[in-house]
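Visitor: Residue numbers (the numbering used here), protein chains in the order written: chain A, 1 to 333; chain B, 334 to 666; chain C, 667 to 999; chain D, 1000 to 1332.
We put the beta carbon where it would ideally sit given N, CA and C, even for glycine.
Everything numeric in this text was worked out from a predicted model, so none of it was measured.
(1) Looking only at its chain, what residues have a beta carbon closer than 6 Å to the beta carbon of residue 1059(D), apart from the 5 residues adjacent to it on each side?
(2) Would residue 1292(D) pass as an interface residue toward chain C - the criterion being a Cβ-Cβ separation below 9 Å?
(3) Quick one: what does DSSP say residue 1153(D) is sitting in, helix, strand or coil?
(4) Only counting runs of 4 or more residues, tell me where the alpha helix (DSSP H) segments fall wholly within the region 750-798 of chain C, in order along the chain.
(5) Taking 6 Å as the limit between beta carbons, can you name the residues of its chain near residue 483(B), skipping five residues before and five after?
(6) Report yes or no: do the region 1271-1288 of chain D and the region 1228-1239 of chain D share at least 3 C-beta pairs separated by less than 8 Å?
(7) Can you list, in chain order, the residues of the region 456-470 of chain B whose Cβ is nearer than 9 Å to any Cβ on chain C?
(8) Is residue 530(B) helix, strand or coil when you go by DSSP?
(9) Could you work out which residue in 780(C), 789(C), 775(C), 795(C) is closest to residue 768(C) when comparing CA atoms only?
(10) When you compare the CB of residue 913(C) with every CB in chain D, is at least one pair closer than 9 Å?
(11) With a cut-off of 8 Å on the beta carbons, I'd call residue 1215(D) and residue 967(C) a contact; round off their distance for me.
(12) Checking the sheet assignment: what are the DSSP bridge partners for residue 843(C)?
(13) For the alpha helix (DSSP H) containing residue 1308(D), name the first residue and the last one.
(14) Closer than 7 Å by beta-carbon distance: list the chain D residues that pair up with residue 343(A), in chain order.
(15) Roughly how many whole angstroms lie between the Cα atoms of residue 770(C) and residue 841(C)?
(16) Go ahead and pull the three-state DSSP assignment for residue 1055(D).
(17) At a CB-CB cut-off below 9 Å, which residues of chain D make contact with residue 153(A)?
(18) With a threshold of 9 Å between beta-carbons, can residue 831(C) be considered close to chain B, or not?
(19) To which residues of the same chain is residue 197(A) closer than 6 Å at the C-beta, ignoring the five residues directly before and after it?
(20) Are the region 742-751 of chain C and the region 978-985 of chain C touching, with three or more C-beta to C-beta distances below 8 Å?
(21) Let me know the secondary structure DSSP gives residue 1028(D) once reduced to three states.
(22) Between the Cα of residue 1107(D) and the Cα atoms of 1177(D), 1022(D), 1017(D), 1035(D), which residue gives the shortest distance?
(23) Using the Cα positions of residue 458(B) and residue 824(C), report the straight-line distance between them to the nearest angstrom.
(24) Is it true that the CB of residue 1166(D) sits closer than 9 Å to the CB of residue 70(A)?
(25) Using Cβ-Cβ distances below 8 Å, what residues of the region 1042-1053 of chain D are close to chain C?
(26) Would DSSP call residue 543(B) helix, strand or coil?
(27) If the criterion is Cβ atoms closer than 9 Å, does the pair residue 782(C) and residue 953(C) meet it?
(28) Tell me the DSSP secondary structure of residue 709(C) in three-state form.
(29) Which residue's Cα is closest to the Cα of residue 1154(D): 22(A), 133(A), 67(A)?
(30) Residue 1245(D) and residue 963(C): beta carbons closer than 9 Å?
(31) Which residues in chain A sit within 8 Å of residue 1111(D), going by Cβ to Cβ distance?
(32) For residue 1240(D) versus residue 1274(D), is the C-beta distance shorter than 9 Å?
(33) Based on DSSP bridge pairs, tell me the residues matched to residue 901(C).
(34) Tell me, please, which residues DSSP counts as bridged to residue 1035(D).
(35) Would you say the region 1046-1053 of chain D touches the region 1022-1031 of chain D, given that touching needs at least three Cβ pairs under 8 Å?
(36) Determine the DSSP secondary structure at residue 272(A), reduced to helix, strand or coil.
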């Protein structure tokens, strides 16, 4: 489980904040917003020159947003899956990988903890062909590429850093590129179970729980890395901060005021804290009492089932150039 | 999944609030606090005369509190299980049921939704003997009583009210008493996954999600009913209200003040709202946005596994008068 | 888990044997064989007059045969599901039930034992509407009928006869007809996981393991009963008898002979035993040694997953008169 | 899943056959039979000189036999687990590994196929400490050794040879020894789910299904390898051959004769085939018809649950020199 940067997990927001602070378009940041299949797709490109101002590694960041991910609507899931497949293809193209390039997919996370099991459940549903290319190349139909898949587990269960397992495997098997799937910690109630985030800048397993582990990225692995994540958990402090923000906005709308004096009259000195300061205060109070729990919606079982179908179908479609009916895993009702 | 009364799910708190409002001991309310096996056990008895002032049905309410329930410590789980077994025996004795009285255990909830699966997982682990008494009475060793068990499912999956399934079965099978196990919605972060609640006043399945369903109680079933529940989920509004309360207490302690003026200076007009009003305001804001999610701690899978072992072991020990090594289900590490 | 009659689990075979013994068409037996969607469908109708000669209760028996059930081919699964849906509709029509008749579906079996979990897994995937008709009739779209579903568990886990749970529920809820789903014990290697059997003559839960339990049929329930079963287990004696038969047929074909003398020369006196005598001899030897195990193919997990999708989709399609995309549960790859 | 040598999976039997053929004790074969905790433990040591005559790699082979493994008796499971722990300790001692030597445990098999999931379920329950030694050595209590664990999956799901995943990991992480856990294909009904087999000669994953994969042994891994296996599946041909043998023995006992003439009179020419020839004939007939299924007892779910508890408890006890209550995973009822 991985946490993105402290203030926000979305490169998009970092970019917008940077523009706001600079008072306009910032050199080195490119934002593109589209709608595909009734799904919002935002692409942010950050150049090396804009790393400092955004606090983000240079690279591509794609966010696919749809509250339909939370529902059990199989036709919407199929549509979102097509969008994800298209974005994966763009990442592969961006990395200048040929159609025959071999791919290792790593499903990070603990398959015994429901909200952390996204990665292993995706790898369970992949069309895996690498061994056929090696052992029976004459039987592989055209259109397939060599795909292998691994669920390396989590350090608390294996005693080994996930990065070490993957890097050892990459060294030995030499795939041409790596796709990493992980469940993320959300920094906002609204994005929980409602966004799919992709990047070519890599991932840090376990970063979400406070221990920075070995980065898995092009720099460490020596091959292109595409990371795909879905926020499936959130901490109690974030739930609280978001709810307090919403209450304030609600009261502002009702009163028609939003100035400092008004904020103070409604929320006292706390009203004057900014978002990050509020989050810090709440964390500071909840954590020592053992109450800053990491939570997941009650229906996580259903959500993870659907999300794994969406992502695995997208991978099967994007990795293999075959008719969709062959590569699509179906969406259970 | 069942919700207790809106303000608090604990009869204990209702009783204490009543005493506070009346300025001392209230006629018809008896509170007893004990410590057994390093576990806090509070018994509240409410007489019919005190029903109105507490907002509670007359009867016995027992709360067993231990944060160790949240941990995977099998020796503490075994200790808590012994405490639960003793309280179940007291309820059976209180209902004047003989050692041979037959018992039906109903495990309410949805076994496909982790935090709602406590009931079915408990019934899965029970020592069931009712059919042996009927078909092979000569093979039943002394000390066992007739025990049957059912997991009736939830209305959304069966299309039938849980109460109707149970009442139909009781009518046909005529057990001498009923024990109902359910996962509850918590009204406080602190009690989540940390208390076991028992009462002889019955249960309303599904009440927690806003639809009041048919009550299952001595009045409707015609036999004594013992309800055992553990809060496993909480809504986002409660998380927020509890966190805001804690922040205020924290600031009070730091400033050494807690008067109204101070409260207003720190939390503005919101500081003046009472707990219930705060909860209502937050609910009113989050619910229309679809963000008043019902959540569960990330590690619900582990917790439910442990809690089901605690409760099923307690039932096996309390229902059958046999040596513990025969009736105890073990606590998996 | 249910076993059909000792010699064969197929009414079809009973009928054919009767015809063979009588030397031609038998009064009161009707056999029809069709192919639908590349799937063999055999319908046998037995009248009351032919009960004695076939050893079968009078009624309709349908057998749907396809080895594709054993594979993970979602398009073949969808085709077989359409065939099953059509046969269910014919049974409903045969019972003269109107489109609005309410249906209770009972998924028999133990969901903790993979090959016995077919029934519960089918009910998990049904579109259940009975509670909507009762509580929110204004929200039910046309085309749906009231459907409820129950997984009553097995007697060893509940302590109650499955028949009693169902009959109690039928008495209280008064559905217009009952559909019962169960995993069966196969009487032949070839049919294992490769046939779906349907009848309107009822079912005896647990009969397969030697204990005849209360019959669930139109006679006992007072409403039409449709039973749907798939053989998922087989005992070691049957595996052995079938294999020995096959070896004999193989040797016959190689030698071009099949007379008694030849049989004796190849299998000695055992060769002269008929199928049923061979089965009895093997059972007599294996059972006391504890080795007449009931077995299931290694891949039972995958098969049960697929078979539950086939049967639940067929039920959703047959019970509700709605467009297929609304009622079809999908077939996971 | 792994198959041992064609004629028998037990080194013990190979050794006995060799002795029988040689008419007495054979140089280079040592057999020791003991009973520990009511469990039969047989140790066979084969020297290099006896490799040819036994068809076995030189090394130690231990077989622990108890039909109680098939039952859900937690006190017997605990006893067997102590026996396994002792044998593991002897293997560790035999490899001259110090108490501080680090161990990697690999749980082979597919966790989605019940009878193949023994390995992954054992690793799920291990006390893993390797990361603590690396990251927080000051917190590790004395008595623990560095233990890591991995479930590498199966080639059909990963596209990578299991041996390659393990050898890559060993190269990178450099554990001092390797323990490999796997479910095996049985060559006898009687041993199915009733024996635990251990050896220091290594393992060939997937050999059971006809594809010889890369051996995992001291020779390939460069470190001592201890393999622990339990036969959980059997093929239909073996069931048949064993049953036919038993029928013949039964008839011999009844008739008091066992000479060739008698065998021919009862089983014809087939009676004259030896065990291996019978197996081959049956395999040849069943296989082309797709009926030589690999099967597992119906209750595989319960067995695998119990067997994983037995083996994981034994490993926790043998690997860490700590009081048993700390290292024992409990045996769920």
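Guide: Taking the definition as stated:
(1) 1044, 1199
(2) Yes - at least one Cβ of chain C is within 9 Å of the one on residue 1292(D).
(3) coil
(4) 784-790
(5) 439
(6) yes
(7) 456, 457, 459, 461, 462, 463, 464, 465, 466, 467, 468
(8) strand
(9) 795(C)
(10) Put simply, the CB of residue 913(C) is near chain D, with a gap under 9 Å to one of its CB atoms.
(11) Not a contact, Cβ separation roughly 26 Å.
(12) 769(C)
(13) 1299-1318
(14) Residue 343(A) lies beyond the range of chain A shown here (1 to 333); nothing can be said about it.
(15) Rounded to the nearest angstrom, the gap between the Cα atoms of residue 770(C) and residue 841(C) is 6 Å.
(16) coil
(17) 1122, 1148, 1149, 1150
(18) Yes, residue 831(C) counts as interfacial toward chain B.
(19) 63, 229
(20) Yes, since at least three Cβ pairs between the region 742-751 of chain C and the region 978-985 of chain C fall closer than 8 Å, the two stretches touch.
(21) strand
(22) 1177(D)
(23) 11 Å
(24) no
(25) The residues in question: there are none.
(26) Note that residue 543(B) scores a pLDDT of 46, beneath 50, so its modelled location is shaky; the value from the coordinates is reported in the next line. The answer is coil: DSSP assigns residue 543(B) none of H, G, I, E or B.
(27) no
(28) strand
(29) 133(A)
(30) Between residue 1245(D) and residue 963(C), the CB-CB gap reaches or exceeds 9 Å.
(31) Proximity of chain A to residue 1111(D) at the Cβ level (cut-off 8 Å) is accounted for by 124, in chain order.
(32) yes
(33) 960(C)
(34) 1038(D)
(35) Segments in contact, yes.
(36) Under the three-state reduction of DSSP, residue 272(A) is assigned to helix.
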